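To keep things clear, I will list the structure first and then write my remarks on it.
Number of protein chains: 2
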Amino acid sequence: MAECDVDLCEVREVHQEKVSEITAKMPEEDELYDLAELFKVFGDSTRMRILFALFEADICVCDLAQALGMTQSAVSHQLRILRQARLVSSRREGKQVIYFLTDEHVRTIIDKGREHIEED
Amino acid sequence: MAECDVDLCEVREVHQEKVSEITAKMPEEDELYDLAELFKVFGDSTRMRILFALFEADICVCDLAQALGMTQSAVSHQLRILRQARLVSSRREGKQVIYFLTDEHVRTIIDKGREHIEED
DNA sequence: CAAACATATGAGCATCTGTTCATATGTTTA
DNA sequence: TAAACATATGAACAGATGCTCATATGTTTG
Chain A
6 MAECDVDLCE
16 VREVHQEKVS
26 EITAKMPEED
36 ELYDLAELFK
46 VFGDSTRMRI
56 LFALFEADIC
66 VCDLAQALGM
76 TQSAVSHQLR
86 ILRQARLVSS
96 RREGKQVIYF
106 LTDEHVRTII
116 DKGREHIEED
Chain B
6 MAECDVDLCE
16 VREVHQEKVS
26 EITAKMPEED
36 ELYDLAELFK
46 VFGDSTRMRI
56 LFALFEADIC
66 VCDLAQALGM
76 TQSAVSHQLR
86 ILRQARLVSS
96 RREGKQVIYF
106 LTDEHVRTII
116 DKGREHIEED
């Protein structure tokens with residue numbers, strides 16, 4: 006680690022054009038953060054199960070809890086995260102709150118993930 | 006919370022068909038886990054930045070560290086995670102190890118994420 | 001309006017995750 | 001082969017995350 010000064014390659018000039026190009030084309034910090042936050046929401050098997058459930062039907066929190074064998078509280082906490090990411094929406098029907106997928110993005114993203122997993 | 010016995014809706018029968026259908030169509034635990042693990046890899050802005058860097062060029066660890074302003078160690082740890090998820094691959098060129106995107110899945114998945122973010 | 005029902009939420013706790021630091025492994029060069 | 005270079009990795013620590021428990025909020029019904 007000498008060319009790599011301070012463990013950060015500060016002295017290197019070898020591929021400076023590459024480094025510059027990468028820096029130039031890097032999206033804004035905001036977009037990177039938002040993207041990571043979005044995928045983070047998909048990165049939990051409980052939330053994944055909730056999303057698969059919503060593929061089948063619009064459903065209230067209580068049914069969802071029963072279908073997944075989880076407490077109402079745990080499901081509700083996860084639904085809040087999904088709602089904040091605008092992946093699911095809700096409507097009130099009497100005492101119940103019915104959750105549903107906001108749009109087809111969820112299905113598309115998960116399908117792409119499946120394609121990656123299922124190959125090889 | 007009475008119909009919802011033990012905080013789990015055990016007594017409810019109201020939407021039992023829905024619950025059954027959801028349970029029936031739920032993917033295997035393995036697939037849910039693998040999917041969540043895959044998206045978890047996308048769910049960190051450092052790894053997101055690494056992936057965007059690799060959109061531009063195949064690159065060695067040292068250049069990557071410089072481009073991102075991170076230590077070589079931190080980058081290397083993240084590259085291991087990306088490699089284990091088969092999102093990136095590597096080849097050795099002399100002293101250096103060059104990293105590159107395994108295939109187009111990464112780009113597709115990130116593009117779908119961007120579509121979701123950029124709407125509304 | 002009170003009681004029952006359905007959902008949401010804050011606090012606390014155990015676990016997971018990303019970074020740093022030190023060092024090991026692997027490759028080239030003098 | 002010794003020294004320099006490039007990358008990988010284990011341990012440790014701080015911050016994030018998901019669940020539980022208790023309780024608050026919101027809706028309907030008697």
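Just so you know, the protein sequences line up as chains A and B, in that order. Following my numbering, the numbering of the first sequence begins with 6 at its first residue and continues without gaps. Following my numbering, the numbering of the second sequence begins with 6 at its first residue and continues without gaps. Ideal Cβ positions, reconstructed from N, Cα and C, are used throughout, including at glycine. All of these numbers come straight from a predicted model, not from anything done at the bench.
Problem - Where the segment 30-54 of chain B meets chain A: residues whose CB sits under 7 Å from a CB there - result: In summary, the residues of the segment 30-54 of chain B whose CB is separated from some CB of chain A by less than 7 Å are LYS30, MET31, PRO32, LEU37, TYR38, ASP39, LEU40, ALA41, LEU43, PHE44, LYS45, PHE47, GLY48, ASP49, SER50, MET53 and ARG54, in the order they occur in the chain.
Exercise for the section: Would you kindly check if the distance between the Cβ of B:GLY74 and the Cβ of A:ALA41 is under 7 Å? Expected result: Along the first sequence, read from residue 1 onward, the residue named residue 41 of chain A stands at position 36. Along the second sequence, read from residue 1 onward, the residue named residue 74 of chain B stands at position 69. In this structure, A:ALA41 sits away from B:GLY74, with a CB-CB distance that is not shorter than 7 Å.
Problem - Own chain partners of B:LEU43 with C-beta closer than 7 Å, once the 5 adjacent residues on each side are dropped - result: Position 38 of the second sequence, counted from the first residue, corresponds to residue 43 of chain B. Excluding positions up to five away in sequence, the list reads ALA90.
Handout entry: Three or more C-beta pairs below 8 Å linking the segment 57-66 of chain A and the segment 24-32 of chain B
Key = Between the segment 57-66 of chain A and the segment 24-32 of chain B, the count of Cβ pairs shorter than 8 Å is three or higher; the stretches touch.
Exercise for the section: Excluding the 5 residues preceding and the 5 following B:VAL93 in the sequence, name in chain order all residues of the same chain whose CB lies nearer than 7 Å to its CB. Expected result: Counted from its first residue, the second sequence places residue 93 of chain B at position 88. If you ignore the 5 residues before and after B:VAL93, its C-beta comes within less than 7 Å of the C-beta of LEU59, LEU84, LEU87, TYR104, PHE105, LEU106 and THR107, all in its own chain and listed in chain order.
Exercise for the section: Flag B:THR113 as yes if its beta-carbon sits less than 7 Å from any beta-carbon of chain A, otherwise no. Expected result: Against the second sequence, residue 113 of chain B aligns to sequence position 108. Answer yes: the Cβ-Cβ gap between B:THR113 and chain A drops below 7 Å somewhere.
Handout entry: Nearest residue (CA-CA) to B:GLY118, options A:ASP39, A:PRO32, A:HIS20 and A:ASP35
Key = If you number the second sequence from 1, residue 118 of chain B lands on position 113. The shortest C-alpha separation from B:GLY118 is found at A:ASP39.
Problem - Proximal chain A residues relative to B:GLN83, where beta-carbon distance stays under 9 Å - result: Translated into positions along the second sequence, residue 83 of chain B becomes position 78. None at all; the shortest Cβ gap to chain A is about 12 Å.
Exercise for the section: Measuring alpha carbon to alpha carbon, tell me which of A:ALA70, A:ILE55 and A:LEU37 ends up nearest B:LEU37. Expected result: Sequence index remark: in the second sequence, residue 37 of chain B carries index 32 (1-based). Ranking A:ALA70, A:ILE55 and A:LEU37 by CA distance to the CA of B:LEU37 puts A:ILE55 first.
Practice task
Using a Cβ-Cβ cut-off of 7 Å, state whether B:ILE103 counts as contacting chain A.
Solution key: The residue you call residue 103 of chain B lines up with position 98 of the second sequence. Not closer than 7 Å to any Cβ of chain A, the Cβ of B:ILE103 fails to qualify, so no.
Problem - Assigned secondary structure, A:GLU120 (DSSP; H/G/I helix, E/B strand, else coil) - result: Here residue 120 of chain A corresponds to residue number 115 of the first sequence, with the count starting at 1. Of the three classes helix, strand and coil, the one that applies to A:GLU120 here is helix, per DSSP.
Practice task
Determine whether the Cβ of B:ILE122 lies closer than 7 Å to any Cβ atom of chain A.
Solution key: On the second sequence, position 117 is the one that residue 122 of chain B refers to. Interface annotation, B:ILE122: in contact with chain A, CB-CB separation under 7 Å.
Problem - Under 7 Å between C-beta atoms of B:VAL80 and B:ALA72 - result: Residue 80 of chain B sits at position 75 when you count from the first residue of the second sequence. Residue 72 of chain B sits at position 67 when you count from the first residue of the second sequence. Not in contact: B:VAL80 and B:ALA72 (Cβ atoms no closer than 7 Å).
Exercise for the section: Examine chain A for any beta-carbon lying closer than 7 Å to the beta-carbon of B:LYS117, and answer yes or no. Expected result: Translated into positions along the second sequence, residue 117 of chain B becomes position 112. B:LYS117 counts as touching chain A.
Exercise for the section: Could you tell me whether any Cβ in chain B is nearer than 7 Å to the Cβ of A:THR107? Expected result: Working through the first sequence from its first residue, we reach residue 107 of chain A at position 102. In terms of beta-carbon proximity, A:THR107 stays away from the interface with chain B, with every pair separated by 7 Å or more.
Problem - DSSP three-state assignment for B:ARG91, whether helix, strand or coil - result: In the second sequence, counting from the first residue as 1, residue 91 of chain B sits at position 86. Coil at B:ARG91, not helix or strand.
Practice task
Using three-state DSSP, classify B:GLU34 as helix, strand or coil.
Solution key: The residue given as residue 34 of chain B occupies position 29 in the second sequence. Note: B:GLU34 maps to helix in three-state DSSP.
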